[in-house]
Amino acid sequence: MTVTATSTGEPEQLEPQVVPAPRGARRIRRLVPPAAAALAGVLLYVSFPPRTLWWLALPAFAVFGWTLRDRTWKAGLGLGLGYLFGLGFLLPLLVWTGVEVGSGPWLALVAVEAIYTALVGAGVALVSRLPAWPVWAAALWIAGEAARARVPFGGFPWGKIAFGQADGVFLPLAAVGGTPVLGFAVVLCGFGLYEIVRLAVDGRRTGGVLRRGAALTALLSVAVPVVGAVAARPLVSDQAENGTATVAVVQGNVPRSGLEFNAQRRAVLDYHARETERLAAKVKAGKAPRPDLVLWPENSSDIDPFSNADAAAVIEGAAKAIGVPISVGAVVERDGRLYNEQILWDPDKGPVDTYDKRQVQPFGEYLPLRSLLGAINKDWTSMVRQDFSRGHKPGVFTMADAKVGLVTCYEAAFDWTVRSTVTDGAQLISVPSNNATFDRSEMTYQQLAMSRVRAVEHSRTVTVPVTSGVSAIIMPDGKITQRTGMFVADSLVQKVPLRSSETLATRLGTLPELVLVLVAACGLGWAVASAARGRRGRGAQDVRADEREVTEPAR
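Set out below in structure tokens:
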């Protein structure tokens, strides 16, 4: 403390001088927010399947909110807090994308996808000074997901917050507003949780004084999503509305090694035909119920049965053995174009209907920027020698007395593809997939969780036939009733409910997402306008201060 003499000779005590923190301590403090943002992203990843720690998403967003609260948008974007959060989340989540092709495409994908979280982080930093900021911030996150699901190359929705909530208390909200509302509820609750903690800490510093409006908003940010999820539970039902159907899901497995390309394709087809014939023998022996329909996975016949009589004979033999229609996943060439196709194969009439995959996978089923990539590295273009073409119509097969909607593998990540089958009359949904390329990675479990969310979103039974596993049967309430192991030959047979009513989410379609994007835009506009007014106000104060210095007489 410094002591000086006053004009009366009395000593005057001045305020204690602030001693600056050591340079090392300041550096450590500067590193805390970036480290916290990255670790919060990792925490969000841990909340995703195959783990059932869905609730970790809440503290993940609480910590993310803390790193961005009251910072400038430059800190949110320029310092990369949002980008670091995205890297912490997406790097481990998407590691499966490099299983077959190496780390280059995986790292490139994550680097691009994390740009969206960086932009969201910048927006959250801007709106964090507004009243009710958790609402604006959560809407911004959903707006970022909406953009990521559409651009570039048709979008990549993998990692939507909703897809990590298949085991969570918020899941019923999927039936209210689909993945946008479910994700919004989780993010809002996480940001609201941080706001409660922040206000409690501020209250202790100020002797227990709290701003009522801010405290109420924080409490509502946590309470409303939870209460809404509880209130939405009656919307989730697995009761049959149009009778039942006994479905059989066939997983034929794949050969692991030792075969050249064409032999491998033929082996996969033979494996699925053999497992179907084995099921037929069980039915005949009374060891398994007789199915009304059989569902094979994507790529169960990579040999085109329309141009290869031998492949057609194998499928026909399996269909006649089981005696019911089979949905076969095939690679078909038509008019010089390749299609990832589902074929409805009747045991008496043969192929009677087809569905061509509409949302084909970039860099997996077609190669964007082919000439540019080829100029950089010719080996890259060899990964996809010929592009797959897109289908244009929803696939709904009439199999026995059931209408089965087809959503092929990657399509399950997209809201519009699943919804279109339901609005086109699907009473149950099948998601035929081929995950063998990704070995035993978490990809299979992440995709299975998507199907569970879709079951609740549209109140439909969802079957998941996969070449190598995990195949499953999912009830309309999102519960898995049967599942296979990985890399085994197996079949699942079960009587499932057929439903035709539409949930609120099905009827509303993209409207909830559009509303949340508009909320995000309004929050950003308000934040930008407030910041501009603040700068003008500070500028005016500085001008008035300068004028007073000039006009006031010197003392």
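Under numbering that gives the first Met the number 0, the sequence shown has 76 at position 77, and the numbering climbs by one with no breaks. Yeah, the Cβ is synthetic: ideal placement off N, Cα and C, and Gly gets one too. On a predicted model such as this, the values are computed, not experimentally measured, just so you know.
Residue from the options whose Cα sits closest to the Cα of residue i
{"i": "Val180", "options": "Val514, Tyr338 and Ala36", "result": "Val514"}
{"i": "Tyr115", "options": "Arg147, Leu129 and Leu337", "result": "Arg147"}
{"i": "Leu234", "options": "Glu297, Ser458 and Ile342", "result": "Ser458"}
{"i": "Phe88", "options": "Glu99, Gly103 and Ala117", "result": "Ala117"}
{"i": "His614", "options": "Phe152, Ser419, Glu512 and Thr66", "result": "Because the chain here runs from 0 to 554, residue 614 falls outside it and cannot be looked at."}
{"i": "Ser429", "options": "Met442, Glu441 and Gln446", "result": "Gln446"}
{"i": "Ala485", "options": "Val249, Ala411, Asp334 and Val196", "result": "Just to set this straight, residue 485 is Met in the shown sequence, not Ala. Per the Cα distances, Val249."}
{"i": "Gly79", "options": "Trp415, Trp54 and Leu30", "result": "Leu30"}
{"i": "Ser450", "options": "Asp291, Ala279, Lys478 and Asn434", "result": "Lys478"}
{"i": "Ala142", "options": "Ala528, Val293 and Ala520", "result": "Ala520"}
{"i": "Leu92", "options": "Pro464, Val100 and Trp105", "result": "Trp105"}
{"i": "Tyr270", "options": "Val465, Arg336, Ala165 and Val196", "result": "Val465"}
{"i": "Thr509", "options": "Ser127, Leu38 and Ala173", "result": "Ala173"}
{"i": "Arg28", "options": "Thr66, Val327, Leu405 and Ala435", "result": "Thr66"}
{"i": "Ser388", "options": "Pro367, Gly524, Ala311 and Pro171", "result": "Pro367"}
{"i": "Arg498", "options": "Pro431, Gln426, Gly404 and Ala531", "result": "Gln426"}
{"i": "Arg511", "options": "Ile195, Gly522, Arg265 and Val175", "result": "First, the residue type needs correcting, since residue 511 is Pro and not Arg in the sequence shown. Comparing Cα positions, the closest option is Val175."}
{"i": "Trp140", "options": "Pro130, Val100, Phe183 and Pro171", "result": "Phe183"}
{"i": "Val527", "options": "Phe47, Ala312, Val492 and Leu125", "result": "Leu125"}
{"i": "Ser46", "options": "Leu55, Gly40 and Ala39", "result": "Leu55"}
{"i": "Arg277", "options": "Ala113, Gln164, Val150 and Val492", "result": "Val492"}
{"i": "Ser529", "options": "Ser127, Asp352 and Leu52", "result": "Ser127"}
{"i": "Trp564", "options": "Thr178, Asp166, Leu42 and Leu343", "result": "Because the chain in this structure spans residues 0 to 554, residue 564 falls outside the shown range and cannot be described."}
{"i": "Val323", "options": "Ala311, Thr243, Asp291 and Lys494", "result": "Asp291"}
Counted within 10 angstroms of its Cβ, other Cβ atoms place residue i as buried (16 or more) or exposed
{"i": "Ser500", "result": "exposed"}
{"i": "Thr558", "result": "Given that the chain is displayed from residue 0 to residue 554, the structure contains no residue 558 and the question cannot be resolved."}
{"i": "Glu274", "result": "buried"}
{"i": "Phe84", "result": "buried"}
{"i": "Arg506", "result": "exposed"}
{"i": "Thr589", "result": "One cannot answer for residue 589 here, as it falls past the ends of the chain, which runs 0 to 554."}
{"i": "Glu240", "result": "exposed"}
{"i": "Ser102", "result": "exposed"}
{"i": "Val225", "result": "exposed"}
{"i": "Val549", "result": "Interpretation of Val549 is limited by its pLDDT of 49, a score under 50 that renders its predicted location unreliable; the figure taken from the coordinates is listed afterwards. Exposed, by the Cβ-count rule."}
{"i": "Ala199", "result": "exposed"}
{"i": "Ile375", "result": "exposed"}
{"i": "Val229", "result": "exposed"}
{"i": "Lys159", "result": "buried"}
{"i": "Val452", "result": "buried"}
{"i": "Gly163", "result": "buried"}
{"i": "Gly40", "result": "buried"}
Pairwise C-alpha distance: residue j and residue i
{"i": "Ala454", "j": "Leu90", "result": "28 angstroms"}
{"i": "Ala61", "j": "Pro33", "result": "14 angstroms"}
{"i": "Gly362", "j": "Trp95", "result": "In the sequence on display, residue 362 carries Phe and not Gly. So the two alpha carbons sit approximately 14 angstroms from each other."}
{"i": "Gly227", "j": "Glu332", "result": "49 angstroms"}
{"i": "Ala553", "j": "Gly533", "result": "Here the model assigns Ala553 a pLDDT of 44, short of 50, so the residue's position is not dependable, and the following value carries that caveat. Rounded to whole angstroms, Ala553 to Gly533 spans 31 angstroms at the Cα level."}
{"i": "Ile302", "j": "Ser467", "result": "18 angstroms"}
{"i": "Trp135", "j": "Asn307", "result": "57 angstroms"}
{"i": "Arg439", "j": "Asp69", "result": "43 angstroms"}
{"i": "Pro350", "j": "Ser299", "result": "15 angstroms"}
{"i": "Asp386", "j": "Glu364", "result": "6 angstroms"}
{"i": "Ala320", "j": "Pro254", "result": "23 angstroms"}
{"i": "Gly154", "j": "Val111", "result": "11 angstroms"}
{"i": "Gln238", "j": "Asp347", "result": "32 angstroms"}
{"i": "Gly64", "j": "Ala161", "result": "19 angstroms"}
{"i": "Ala401", "j": "Ala247", "result": "13 angstroms"}
{"i": "Pro423", "j": "Gly122", "result": "The displayed chain sequence assigns Asp, not Pro, to residue 423. Going by the C-alpha atoms only, they are around 38 angstroms apart."}
{"i": "Pro58", "j": "Ala35", "result": "12 angstroms"}
{"i": "Ile314", "j": "Ala279", "result": "14 angstroms"}
{"i": "Tyr44", "j": "Thr205", "result": "37 angstroms"}
{"i": "Ala317", "j": "Asp309", "result": "13 angstroms"}
{"i": "Glu297", "j": "Ile472", "result": "16 angstroms"}
{"i": "Glu441", "j": "Leu371", "result": "31 angstroms"}
{"i": "Leu268", "j": "Ala329", "result": "9 angstroms"}
{"i": "Ile195", "j": "Phe152", "result": "40 angstroms"}
{"i": "Pro393", "j": "Pro288", "result": "30 angstroms"}
{"i": "Arg25", "j": "Ala435", "result": "50 angstroms"}
{"i": "Tyr354", "j": "Arg210", "result": "58 angstroms"}
{"i": "Ala266", "j": "Phe305", "result": "18 angstroms"}
{"i": "Glu456", "j": "Val109", "result": "28 angstroms"}
{"i": "Arg336", "j": "Val223", "result": "51 angstroms"}
{"i": "Trp53", "j": "Leu38", "result": "16 angstroms"}
{"i": "Lys165", "j": "Ala448", "result": "Looking at the sequence itself, residue 165 is Ala, so the reference to Lys does not match. Computed Cα separation, rounded: 6 angstroms."}
Nearest-angstrom beta carbon gap, residue j and residue i [assumed within contact, 8 angstroms]
{"i": "Ala145", "j": "Val516", "result": "6 angstroms"}
{"i": "Phe413", "j": "Gln358", "result": "5 angstroms"}
{"i": "Thr462", "j": "Leu294", "result": "6 angstroms"}
{"i": "Thr483", "j": "Asp476", "result": "Wrong, their Cβ atoms sit about 21 angstroms apart, outside the cutoff."}
- Message: Three or more C-beta pairs under 8 angstroms: does that hold for the region 187 to 195 against the region 213 to 226?
- Response: yes
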